[in-house]
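Those protein sequence lines, which keep their order, are chains U and S.
Sequential numbering of the first sequence, starting at 1, is according to the UniProt record's numbering.
Sequential numbering of the second sequence, starting at 1, is according to the UniProt record's numbering.
Using N, Cα and C, we set each Cβ at its ideal position, and we do this for glycine too.
There are 2 protein chains.
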Amino acid sequence: MSRPIRKRRTIITAVPNPTLRDVAEAAGVHAATASRALNPETRRLVNAETARRVLKAAESLGYQPNPIARSLKTAKSRTIGLVIPDLTNPLFPPIVRGIEDVLGPAGYSALIVNTDHDPAREEALVASLRSRQVEGLIIATARLDHPLLRELHQQGVPMVLVNRRTENVDVPCVTPDDAAGVAMAVKHLAGLGHTRIAHLAGPTSTSTGVVRANAFRTALHEHGLDDDPSLIVACEYWTEEAGARALRHLLDSGADPSAIVAGNDLIALGCYDVFAERRISCPRDMSVVGFNDMPFLDKLRPPLTTIAVPHHQVGVEAARMLLELFEESARPARSVLLPLSLVVRGSTARPSRR
Amino acid sequence: MSRPIRKRRTIITAVPNPTLRDVAEAAGVHAATASRALNPETRRLVNAETARRVLKAAESLGYQPNPIARSLKTAKSRTIGLVIPDLTNPLFPPIVRGIEDVLGPAGYSALIVNTDHDPAREEALVASLRSRQVEGLIIATARLDHPLLRELHQQGVPMVLVNRRTENVDVPCVTPDDAAGVAMAVKHLAGLGHTRIAHLAGPTSTSTGVVRANAFRTALHEHGLDDDPSLIVACEYWTEEAGARALRHLLDSGADPSAIVAGNDLIALGCYDVFAERRISCPRDMSVVGFNDMPFLDKLRPPLTTIAVPHHQVGVEAARMLLELFEESARPARSVLLPLSLVVRGSTARPSRR
DNA sequence: TTGAAAGCGCTAACAG
DNA sequence: CTGTTAGCGCTTTCAA
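Here it is, written out as C-alpha cells:
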C-alpha cells in the first residue's frame, strides 16, 4: 500500500540534501525505479509517465545525485589524472583548458599534479592519483627512457601522452608535428639567405629534443646547407638559463652562425639575454626562431619569430583519445601529430654579413 | 576459530586491489579493527601488537584505502573547488601551485574550473563542483556585486576569496596589499620628478579596480600632485586591448600625462601597443608602471617596471585559511593583505619634458 | 581491546 | 515495467 509513502511525501517537503530515496518516495516509486528514470541510459526501461513523475519530483526537491555513492557502486570515479611538469610554464595552461573543455561535457574532471621534473615526486604523485581512483592518465612529462610509464602501461592503466613521447612503450600520443615545425623554421631562414644556421636543441632525454634535432639536420640537408656538428648544441633543460648557457658555449666554440633555431621559446629567450650581454643585435647580427608561440612574444624586443603550436587542440585531442580508450580499451595505440604554423615576427631577417 | 581465516590468508597472496577486508583477514582480525589500526587517529584504540600486524599485512598486500568508500561513509570528499576566470592568464598558475602545495600534504585535491568571466558559466560550474561534493571553495572571480557569493555564503559553503573581494558578504579574503602597491608606484614616479601621473584603472566592478584607483588618488594627494579627474580612466577589462583603448582615450582627451600607473601588467602591455602606434618613446616620452610582475616582463622593450605580487604566497595563504575554516567553521571571517614590492626596470625614467 | 552489525547513496541482477 | 535484494569499501556505534 502506498499510504505511508504518500504520508511521508507530504511531510518531507524540503530535505536539505535529498537522496534518491527521497525522490523515489516523493514520486511514489521504489528507489531503483527512480534511479532508472533519472539515468538517461536506463530511462527507456521505465514507463514514460512514471519517468516523468520521477523527473518532476527530482526537480522540485532539487535532487543532485551523489557521485561518490555512484562511484563506489560502479567503480568508476569519473576522474582522470593530468601529470605535467609545471603549471607555471605557459605551455601548459592552454593544454589543460583543451582537456577540460572535452572532459567537462563528458562528465569527467581532471586532477592536476606538477612533478617539477622530479621522477621521485612524479612517482609519488601518480600513486596518489591512482589511490584517488582516477580512471586514466594524461601525461605531459614523458622522457624517452621512462620506467614508470612502462610499468603503468603493463598494469593496464589507460593513458595518453601529450607533447612528448617515450620509447619502447606502445602508448597513444598527441604531439605537435615537430619535424614539420623545424623544417618550416629552417626553410624560412634559408629563404632569407642564411647558410650557417645553428640549433640549440632541447634535452636529449626528451623526444621533443631529439626529434627536433634530427629534423633540423634533415632540413639542413634538404637545403644543401652546412651540416657542421658544432652548429648543434643540446641544452640541459628547456629553460632560458640553459638556452643562454648553450648559446654562450656555441659562440665561444667559434661556430659562427648567422641564425639560430631554438628548441623552444624559452631557449630563444635565453638567446636574447646573451645578445644583450655580448651586444649582438638581433636580427641584424643574428636571427632567431623559437618554438611554441607562448603568449606575449609579440611584445619582446624584437618580437620573436616562432612556430605556433595549437596547444588547446593538443589538449582536446588528448582528452578525446583517453575517452575513446575508456570505450574500447583493446584498441591499438594510435597517435596524432598536430599541424604547426610559422609566425614571422621581428627576430629574423636577411643576414647582414656576407 | 581462526582456521578458515588462516587458510584464506595463505591462498590470497596477491589480490589485485586489496580491500580492507583482505588486510584484516591477512592479519587475522576483523575489518573494523584493521580500519582502526590503519587510521592514525584511531590507532590508539587498538593493541599495539595487533596494529603492527595489520600495518604489516597492509604493507605486504600493497593496500591502498579507497577514498571513495571512505568519502561515502564520512561525507567528506577531501576535495575543494577552485574557481578562476582563466588559467591561461599567467596570474593564476602560481596561485594554483601555492594552493596545491598546501592542499596536497593535507590530503586534499583541487578541482579547477574556468569561468571565462561569464556569470552563467560560473554558476553552472559551481553547481557541478558542489554536486561533486567539494568541501569548500576558493574563488578568484569575485566581483563587488556578486549575488552567487552571497547565496553560497548564506548556504554555509566554506569559502575564501583570492585576489579580489566582494561587497556585503563577510567572507575571508587573501589579497595583495593593493593600496600599498599603488602608493609605491606613485612614490617611485613622483621621486623621478613626474607631476602629471595618470592611472589606467581596472574595471570598476572589481575590488582590485576600485581599491587601486582610490589608492592612486590618495597617493597623489600625499605627494601634493595634480588630482585632475581626467587623469584617471577605467578600463573595461583587465586586458591589453582594454588598456590600449583607455590610453588612446586618455591621450585624445588632452590630459597630457608624463607617466602612467597601469591597473595591471596586461593594461601596461596595451600601453606599449599605443606607444608603438603613436611613436611615443617609453620611457623618454612616457613612463609606465605595471602591476603583478607576470613572467617575462624583463624581456619586453623596454623591460616593464611593475609591482611584484607574491602569487604563490596568495595561494598558500588561501588554502591554509580554507583548511582552518574546515576545522572551526564558526570562526569569524579574517582577511589577509600580502605585502608587495616595487620592481624597477626600464619603463620608468625622469620626465624629459618639463 | 576487539567483533558484530549497520549503513553512507547508489546501481544492478533477479524476480515478479 | 517495477520492486526486492544485495553489496560497492569503509567507518562507527554498540556490545562483549
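Exercise for the section: Take every Cβ of the segment 86-105 of chain U, pair it with every Cβ of the segment 311-319 of chain U, and state whether three or more of those distances are shorter than 8 Å. Expected result: With the cut-off at 8 Å, the segment 86-105 of chain U and the segment 311-319 of chain U touch.
Handout entry: Members of the segment 43-73 of chain U near chain S, C-beta cut-off 8 Å
Key = Those would be Gln64, Pro65, Asn66, Pro67, Ile68, Ala69, Ser71 and Leu72, in chain order.
Practice task
Would you verify that the beta carbon of S/Arg165 is, or is not, closer than 8 Å to some beta carbon of chain U?
Solution key: The sequence position of residue 165 of chain S within the second sequence is 165, counting from 1. So, not an interface residue.
Handout entry: Per-residue burial, S/Thr74 [other beta carbons within 10 Å of its own, 16 or more giving buried]
Key = Taking the second sequence and counting its residues from 1, one reaches residue 74 of chain S at position 74. Classification of S/Thr74: exposed, given that the 10 Å Cβ count is below 16.
Problem - Contact set between S/Tyr272 and chain U, taken where Cβ atoms lie within less than 7 Å - result: Within the second sequence, numbered from 1, the residue matching residue 272 of chain S stands at position 272. Here the neighbours are Lys299.
Exercise for the section: Determine, using beta carbons only, whether S/Val96 comes closer than 8 Å to chain U. Expected result: The count along the second sequence starts at 1 and reaches residue 96 of chain S at position 96. Yes, contact with chain U.
Practice task
Taking only heavy atoms of the ligand HEM into account, decide whether any of them is closer than 7 Å to the Cβ of U/Glu328.
Solution key: Looking for the ligand HEM in the displayed structure turns up nothing, as the structure carries no ligands at all.
Handout entry: Given residue 368 of chain U as reference, the closest of U/Val171, U/Ala31 and U/Leu87 once Cα atoms are compared
Key = What the structure shows of chain U is the stretch from 1 to 354, and residue 368 of chain U is not part of that stretch, so it cannot be assessed.
Exercise for the section: Determine the DSSP secondary structure at U/Val344, reduced to helix, strand or coil. Expected result: Here residue 344 of chain U is taken as the residue at index 344 of the first sequence, counted from 1. U/Val344 sits in coil when the DSSP states are folded into three classes, being neither helix nor strand.
Handout entry: Rounded Cβ spacing between S/Arg132 and S/Thr79 (contact assumed at less than 8 Å)
Key = As a working mapping, residue 132 of chain S is identified with position 132 in the second sequence. As a working mapping, residue 79 of chain S is identified with position 79 in the second sequence. The pair is a contact, with the Cβ atoms about 7 Å apart (cut-off 8 Å).
Problem - Neighbour-count burial assignment, S/Val344, 16 or more Cβ in a 10 Å radius - result: Counting from one through the second sequence, the residue named residue 344 of chain S turns up at place 344. S/Val344 comes out exposed.
Practice task
Could you name the residues of chain S that U/Asn114 contacts, counting a contact when the two beta carbons are closer than 8 Å?
Solution key: Position 114 of the first sequence holds residue 114 of chain U. Chain S residues near U/Asn114: Arg97 and Glu100.
Problem - Rounded straight-line distance, which links the Cα of S/Leu200 to that of residue 439 of chain S - result: Because chain S is modelled from 1 through 354, residue 439 of chain S falls outside the range shown and cannot be assessed.
Problem - Same chain, Cβ closer than 7 Å to U/Asp86, five either side skipped, listed in chain order - result: The residue labelled residue 86 of chain U in the question sits at position 86 within the first sequence. Closer than 7 Å at the Cβ level, and outside the excluded window around U/Asp86, lie Asn114 and Asp116.
Practice task
Check each candidate in U/Gly202, U/Thr141 and U/His188 and name the one with the smallest Cα separation from U/Val174.
Solution key: Here the question's residue 174 of chain U lines up with position 174 in the first sequence. Of the candidates U/Gly202, U/Thr141 and U/His188, the one whose C-alpha sits nearest the C-alpha of U/Val174 is U/Thr141.
Practice task
Check the C-beta distance from U/Ser207 over to U/Leu144 and give it rounded, since I have them as a contact under 8 Å.
Solution key: On the first sequence, position 207 is the one that residue 207 of chain U refers to. On the first sequence, position 144 is the one that residue 144 of chain U refers to. With a Cβ gap of about 6 Å, U/Ser207 and U/Leu144 count as contacting.
Problem - Test: U/Leu111 CB closer than 8 Å to a CB of chain S - result: Translated into positions along the first sequence, residue 111 of chain U becomes position 111. For U/Leu111, the answer is yes, since a Cβ of chain S falls inside 8 Å of its Cβ.
Exercise for the section: Taking 8 Å as the cut-off, decide whether the C-beta atoms of U/Leu300 and S/Arg301 are in contact. Expected result: Here residue 300 of chain U refers to the residue found at position 300 of the first sequence. Here residue 301 of chain S refers to the residue found at position 301 of the second sequence. Yes, Cβ-Cβ distance for U/Leu300 and S/Arg301 is below 8 Å.
Handout entry: Reduced DSSP secondary structure (H/G/I, E/B, other) of U/Thr19
Key = Here residue 19 of chain U corresponds to residue number 19 of the first sequence, with the count starting at 1. In the three-state scheme derived from DSSP, where H, G and I count as helix and E and B as strand, U/Thr19 is classed as coil.
Problem - According to DSSP, residues forming a beta bridge with U/Val169 - result: Working through the first sequence from its first residue, we reach residue 169 of chain U at position 169. Its beta-bridge partners do not exist; DSSP assigns none.
Practice task
Under 8 Å by Cβ, that's how I've got U/His249 and U/Val233 pegged, so tell me the actual separation to the nearest angstrom.
Solution key: Here residue 249 of chain U corresponds to residue number 249 of the first sequence, with the count starting at 1. Here residue 233 of chain U corresponds to residue number 233 of the first sequence, with the count starting at 1. Contact flag correct, Cβ pair sits at about 6 Å.
Practice task
Give, in chain order, every residue of the segment 132-159 of chain S whose Cβ lies closer than 8 Å to some Cβ of chain U.
Solution key: Going along the segment 132-159 of chain S in chain order, one finds Arg132 and Gln133 with a Cβ nearer than 8 Å to chain U.
Practice task
Using a Cβ cut-off of 8 Å, pull out every chain S residue sitting near U/Leu269, in sequence order please.
Solution key: Along the first sequence, read from residue 1 onward, the residue named residue 269 of chain U stands at position 269. Think of a sphere of 8 Å around the beta carbon of U/Leu269: the chain S residues whose beta carbon falls inside it are Phe296 and Lys299, in chain order.
Exercise for the section: Kindly list the residues whose CB is nearer than 7 Å to the CB of S/Gly62, restricted to its own chain and excluding five residues on each side of it in sequence; keep chain order. Expected result: For this step, residue 62 of chain S is matched to residue 62 along the second sequence. The answer, listed in chain order, is Pro18.
Problem - Contacts of U/Arg77 in chain S (Cβ-Cβ under 8 Å) - result: On the first sequence, residue 77 of chain U is found 77 positions in, with the first residue counted as 1. The amino acid at residue 77 of chain U is misidentified as Arg; the sequence shows Ser. The answer, in chain order, is Ile68.
Practice task
Give, in chain order, every unbroken run of the beta strand (DSSP E) that is at least 3 residues long and sits entirely within the segment 229-260 of chain S.
Solution key: Fully enclosed beta strand (DSSP E) runs of 3 or longer: 232-234.
Practice task
Note down, in chain order, all residues in the segment 174-207 of chain U with a beta-carbon under 8 Å from any beta-carbon belonging to chain S.
Solution key: Interface annotation for the segment 174-207 of chain U against chain S: empty, criterion Cβ-Cβ distance under 8 Å.
Problem - U/Pro119 versus U/Thr218 - alpha carbon distance - result: Counting from 1 along the first sequence, the entry for residue 119 of chain U is found at position 119. Counting from 1 along the first sequence, the entry for residue 218 of chain U is found at position 218. Near 32 Å, if we compare the C-alpha coordinates of U/Thr218 and U/Pro119.
Practice task
Count the other C-beta atoms from every protein chain shown that fall within 10 angstroms of the C-beta of S/Pro4, then say buried if there are 16 or more, exposed otherwise.
Solution key: Position 4 of the second sequence, counted from the first residue, corresponds to residue 4 of chain S. Low local confidence applies: a pLDDT of 29 at S/Pro4 is under 50, so the model's placement there is unreliable, and no value is given.
Exercise for the section: Consult DSSP for U/Ala262 and reduce its assignment to one of helix, strand or coil. Expected result: Taking the first sequence and counting its residues from 1, one reaches residue 262 of chain U at position 262. Look at U/Ala262 here: in three-state DSSP terms it is strand.
Practice task
Answer with yes or no whether the minimum CB distance from S/Pro40 to chain U is below 8 Å.
Solution key: Position 40 of the second sequence, counting from 1, holds the residue named residue 40 of chain S. No, because no Cβ of chain U sits closer than 8 Å to the Cβ of S/Pro40.
Practice task
Quick one: give me the first and last residue of the alpha helix (DSSP H) that U/Asn214 is part of.
Solution key: By 1-based counting over the first sequence, the position of residue 214 of chain U is 214. DSSP places U/Asn214 in the uninterrupted alpha helix (DSSP H) bounded by Ser207 to Glu222.
Exercise for the section: Give the single residue among S/Glu327, S/Phe326, S/Val316 and S/Leu325 whose Cα lies nearest to the Cα of S/Leu338. Expected result: Sequence index remark: in the second sequence, residue 338 of chain S carries index 338 (1-based). Cα-wise, what sits closest to S/Leu338 is S/Val316.
Problem - C-beta neighbour in chain U for S/Thr88, strict 8 Å - result: As a position in the second sequence, residue 88 of chain S is number 88, starting the count at 1. Taking 8 Å as the threshold, the shortest C-beta distance from S/Thr88 to chain U falls below it.
Exercise for the section: Give every residue of the same chain whose Cβ lies closer than 7 Å to the Cβ of U/Leu322, excluding the five residues on either side of it in the sequence, and list them in chain order. Expected result: Locating residue 322 of chain U in the first sequence gives position 322, counting from the first residue. Excluding residues up to 5 positions away in sequence, Ile80, Gly136, Ile138, Pro158 and Val160 lie with their Cβ nearer than 7 Å to the Cβ of U/Leu322 in the same chain.
Practice task
Output the distance between the C-alpha atoms of U/Gln64 and U/Ala26, rounded to the nearest integer angstrom.
Solution key: Position 64 of the first sequence, counted from the start, is the residue given in the question as residue 64 of chain U. Position 26 of the first sequence, counted from the start, is the residue given in the question as residue 26 of chain U. Across the structure, U/Gln64 and U/Ala26 are spaced so that their CA atoms are roughly 15 Å apart.
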